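Please read the structure below before turning to the comments.
Numbering (the UniProt record's numbering), first residue to last: 1 to 90.
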């Protein structure tokens, strides 16, 4: 997972203090848009989110959210393609 986070410029995992998510890592897309990688128990989910400011991530719930992938798998090429597609939106 560490290589995935580094390759796609995700932050390190941290506890979501807003309690909206459990543990999250995020990557900036553009403007106020981010991909959030949520870790809940041993399951990962990818969300397309918006926040007013980067500093609000993990402290406030997102302004908007669209779940892209439930039960994200590193070895699933289609899952990685979705992540790349959203990050290429930049």
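Built from N, CA and C at the ideal position, the CB exists for glycine as well.
As the structure is a prediction and not an experimental result, all values here were calculated from the model.
Only residues of its own chain outside the window of five on either side were considered, and among them 71 have a CB closer than 7 Å to the CB of residue 43, listed in chain order. Residues of the same chain with a CB within less than 7 Å of the CB of residue 63, apart from the 5 flanking positions on each side, are 50, 51, 52 in chain order. DSSP places residue 45 within a strand segment (E or B) once states are collapsed to three.
For the pair residue 16 and residue 24, the CB atoms are nearer than the 8 Å cut-off.
Note on geometry: alpha-carbon atoms of residue 29 and residue 41 lie some 26 Å from one another. In the structure shown, residue 38 adopts extended strand secondary structure according to DSSP, grouped into three states.
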